[in-house]
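Residue numbers (this note's numbering): 1254 to 1674.
Okay, structure first, notes after.
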């Protein structure tokens, strides 16, 4: 059957071809029954002629059709029009992540927001027993409003991996490994998990790996396991470790830990559930790159005073507040002699108990700028501050059983501790 613009497939009229790859040709089409535009993916003949693979695909398509989630492109149905098998699905405006990454790496906060939406969509699919198996930037679309839609769950392509060069591995089609079980889905070379590359059975942890590779690329602008050929990419996946120093300096420590867990080559040591990655990202504050506040231990630590911090600040204040006659004229006796002072905040109201992170990049303090006393944290020099504990949070200062008298960072700057008494 000749497929061209204007042709009708049931109640769908093809308008224009908008994509073509190993998993079929994608058309923009008009749904004449419901008066809406949709995407039509016409499956390749080799796929449609394989009864076993087609049955599996149809089962997963039905599951996805029942999945109503904002981060997954809606599947309307699988149809047959005079022997032409096709998938009708939501037409998602915007650009795919691969196109976005052609302009370079993303700011950390943007990468985290996109990654969080990816985990939302994947988690919803995994709960229904659907594994993507081919997660990559080209299968993730970002709308003009910043919403993320995951495309092409569970689709496969019967192409033998021949190691040919000349194509962007981030856009390469899903492949099967020559000599493996016929029709086994392995995924796109640069993003497949080690177990996929070996032709082994895959589960949700394979999607976790691919998610890690996508997040890495968002943060760095570089493909993690790229290569001149698909074989090069697979070799890198199996044999090399990520260069963790390649992450941007302002990558939050929590995100670094998450990537290590997602990209563990042994699936038994890898993060098991993408929903756990979603939780980690939800607890990451993008505005605080290397010094994310962790208030989870607030209730347990509220009675613990930051003794060293308070002692050092007290010593400095005592030195400043002593009468001039009691102070030595020697600069060696004055810890602040020759210091330059820079105003960090200009809040209305009271501010106290300021603490600087060990690397000198972040400040935390308590202020009543918005009414109740709350913690504010920000990167020095930016003039931007966030409240890691909001007034409606269960750990809000106004709910503390004892007054908060000190704020400080832990040794590596990854947590903020409160002291009271």
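Even glycine gets a Cβ: it sits at the ideal position worked out from N, Cα and C.
Just so you know, these numbers come straight off a predicted model, no measurement behind them.
Assign residue 1631 to buried or exposed, taking buried as 16 or more other Cβ atoms, counted over all protein chains shown, within 10 Å of its Cβ. Your numbering for residue 1631 matches position 378 in the chain shown. The residue in question, residue 1631, is buried, as its Cβ has 16 or more Cβ neighbours within 10 Å.
What does the alpha-carbon distance come out to for the pair residue 1669 and residue 1634? Translated into positions along the chain shown, residue 1669 becomes position 416. Translated into positions along the chain shown, residue 1634 becomes position 381. Going from the Cα of residue 1669 to the Cα of residue 1634 covers about 19 Å.
Is residue 1301 near residue 1338, with beta carbons less than 8 Å apart? Start at 1 with the first residue of the chain shown, and residue 1301 comes out as number 48. Start at 1 with the first residue of the chain shown, and residue 1338 comes out as number 85. Yes, the Cβ-Cβ distance between residue 1301 and residue 1338 is below 8 Å.
Extent of the continuous alpha helix (DSSP H) run through residue 1322: Position 69 of the chain shown, counted from the first residue, corresponds to residue 1322. Counting along the chain, residue 1322 falls outside any alpha helix (DSSP H), and DSSP gives it neither H nor E.
Taking the alpha carbon of residue 1383 as the reference point, which residue from 1394, 1359, 1403, 1477 has its own alpha carbon closest? Against the chain shown, residue 1383 aligns to sequence position 130. For the residues 1394, 1359, 1403, 1477, the minimum Cα distance to residue 1383 belongs to 1403.
Length at least 3, wholly inside the stretch 1290-1362: the beta strand (DSSP E) runs in chain order: The stretch 1290-1362 contains these whole beta strand (DSSP E) runs: 1328-1334, 1337-1343.
What residues in its chain sit with their C-beta under 6 Å from that of residue 1528, if we drop five residues either side in the sequence? For this step, residue 1528 is matched to residue 275 along the chain shown. Contacts found: 1376.
Buried or exposed: which applies to residue 1271, given that a residue is buried once 16 or more other Cβ atoms fall within 10 Å of its Cβ? Position 18 of the chain shown, counted from the start, is the residue given in the question as residue 1271. By the neighbour-count rule (16 or more Cβ atoms within 10 Å), residue 1271 is not buried but exposed.
C-alpha gap between residue 1671 and residue 1638, whole angstroms: What you label residue 1671 is simply residue 418 of the chain shown in a count that begins at 1. What you label residue 1638 is simply residue 385 of the chain shown in a count that begins at 1. Cα to Cα, the separation comes out at about 18 Å.
Is it a yes or a no for the stretch 1297-1316 touching the stretch 1355-1368, going by three-plus beta-carbon pairs under 8 Å? Contact annotation: the stretch 1297-1316 does not touch the stretch 1355-1368, with fewer than three C-beta pairs closer than 8 Å.
In its own chain, which residues sit with a C-beta less than 7 Å from the C-beta of residue 1486, not counting the 5 before and 5 after it? Residue numbering aside, residue 1486 sits at position 233 when the chain shown is read from its first letter. These residues qualify, in order along the chain: 1422, 1442, 1443, 1478, 1479, 1480.
Simplified DSSP state of residue 1492, which is helix, strand or coil: Taking the first residue of the chain shown as 1, we reach residue 1492 at position 239. If DSSP states are grouped into helix, strand and coil, residue 1492 belongs with the helices.
Could you tell me the boundaries of the alpha helix (DSSP H) in which residue 1446 lies? As a working note, residue 1446 is residue 193 in the chain shown. Per DSSP, residue 1446 belongs to no alpha helix (DSSP H) and is neither H nor E.
So, residue 1293 versus residue 1279, is the Cβ gap smaller than 8 Å? Within the chain shown, the letter at position 40 stands for residue 1293. Within the chain shown, the letter at position 26 stands for residue 1279. It is a contact, given that the beta carbons lie within the stated cut-off.
Euclidean distance between Cα positions of residue 1287 and residue 1265: Translated into the one-based positions of the chain shown, residue 1287 becomes position 34. Translated into the one-based positions of the chain shown, residue 1265 becomes position 12. Using only the alpha carbons, I get a separation of about 10 Å.
Following the continuous alpha helix (DSSP H) through residue 1464, name the residue where it begins and the one where it ends. Counted from its first residue, the chain shown places residue 1464 at position 211. First-last of the alpha helix (DSSP H) with residue 1464: 1457-1473.
Report yes if the C-beta distance between residue 1379 and residue 1457 is below 8 Å; otherwise report no. Taking the chain shown and counting its residues from 1, one reaches residue 1379 at position 126. Taking the chain shown and counting its residues from 1, one reaches residue 1457 at position 204. Going by C-beta atoms, residue 1379 is nearer than 8 Å to residue 1457.
For residue 1605, count the other beta carbons within 10 Å of its own beta carbon; 16 or more makes it buried, fewer makes it exposed. Which is it? Indexing the chain shown from 1 puts residue 1605 at position 352. Answer is exposed; the Cβ neighbour count stays below 16.
With DSSP as the reference, label residue 1597 as helix, strand or coil. Taking the first residue of the chain shown as 1, we reach residue 1597 at position 344. It is coil, neither helix nor strand.
According to DSSP, is residue 1606 part of a helix, a strand, or is it coil? In the chain shown, counting from the first residue as 1, residue 1606 sits at position 353. Three-state result, residue 1606: strand.
Nearest to residue 1533 by CA position, among 1324, 1518, 1519, 1508, is which residue? Here the question's residue 1533 lines up with position 280 in the chain shown. Among 1324, 1518, 1519, 1508, the Cα nearest to that of residue 1533 is on 1508.
Mapping the DSSP letters down to three states, classify residue 1366 as helix, strand or coil. To locate residue 1366, count along the chain shown from 1; it is residue 113. Of the three classes helix, strand and coil, the one that applies to residue 1366 here is helix, per DSSP.
Please return the same chain residues whose Cβ sits closer than 7 Å to the Cβ of residue 1349, not counting the five positions on each side in sequence. Indexing the chain shown from 1 puts residue 1349 at position 96. Closer than 7 Å at the Cβ level, and outside the excluded window around residue 1349, lie 1390, 1391, 1393, 1394.
Helix, strand or coil for residue 1209? Go by DSSP, reduced to three states. Beyond the ends of the chain as shown, which are 1254 and 1674, falls residue 1209; an answer cannot be given.
CB-CB under 7 Å to residue 1388, same chain, minus the five flanking residues each way: which ones, in chain order? Taking the chain shown and counting its residues from 1, one reaches residue 1388 at position 135. So the list reads 1444, 1460, 1463, 1464, 1467, once near-sequence residues are dropped.
Distance between residue 1497 and residue 1358 (C-alpha atoms, nearest Å): To locate residue 1358, count along the chain shown from 1; it is residue 105. To locate residue 1497, count along the chain shown from 1; it is residue 244. About 16 Å.
Residue range of the alpha helix (DSSP H) that residue 1507 falls in? By 1-based counting over the chain shown, the position of residue 1507 is 254. Counting along the chain, the unbroken alpha helix (DSSP H) around residue 1507 starts and ends at 1506-1515.
What is the C-beta distance between residue 1386 and residue 1320, in whole angstroms, given that I count them as a contact (C-beta under 8 Å)? Within the chain shown, numbered from 1, the residue matching residue 1386 stands at position 133. Within the chain shown, numbered from 1, the residue matching residue 1320 stands at position 67. The Cβ separation is near 16 Å, so there is no contact.
Could you give the distance in angstroms between the alpha-carbon of residue 1352 and the alpha-carbon of residue 1471? The residue given as residue 1352 occupies position 99 in the chain shown. The residue given as residue 1471 occupies position 218 in the chain shown. Near 12 Å, if we compare the C-alpha coordinates of residue 1471 and residue 1352.
Could you pull out every residue in the same chain whose Cβ sits closer than 7 Å to the Cβ of residue 1330, ignoring the five residues on either side in sequence? Working through the chain shown from its first residue, we reach residue 1330 at position 77. The beta carbon of residue 1330 is closer than 7 Å to those of 1318, 1341 in its chain, skipping five residues each way along the sequence.
Could you name the residues that DSSP lists as bridge partners for residue 1266? Within the chain shown, the letter at position 13 stands for residue 1266. Looking at the DSSP assignment, residue 1266 forms a beta bridge with 1261, 1283.
Where DSSP assigns a beta bridge to residue 1394, which residues make up the other side? The residue you call residue 1394 lines up with position 141 of the chain shown. Residue 1394 is bridged to 1349, 1402.
Could you check whether residue 1511 and residue 1530 sit closer than 8 Å to each other, using their CB atoms as the reference points? The count along the chain shown starts at 1 and reaches residue 1530 at position 277. The count along the chain shown starts at 1 and reaches residue 1511 at position 258. Cβ atoms of residue 1530 and residue 1511: closer than 8 Å.
Write down the C-beta distance between residue 1397 and residue 1347 rounded to the nearest angstrom, noting that I regard them as a contact closer than 8 Å. Along the chain shown, read from residue 1 onward, the residue named residue 1397 stands at position 144. Along the chain shown, read from residue 1 onward, the residue named residue 1347 stands at position 94. About 6 Å separates the beta carbon of residue 1397 from that of residue 1347, a gap short enough to meet the 8 Å contact definition.
Exposed or buried, residue 1262, counting other C-beta atoms within 10 Å across all chains shown (16 or more means buried)? Indexing the chain shown from 1 puts residue 1262 at position 9. Result: buried.
Leaving out the 5 sequence neighbours to the left and right, which residues in its chain are closer than 6 Å to residue 1277 when beta-carbon positions are compared? As a position in the chain shown, residue 1277 is number 24, starting the count at 1. Hits under 6 Å: 1294, 1295, 1296, 1297.
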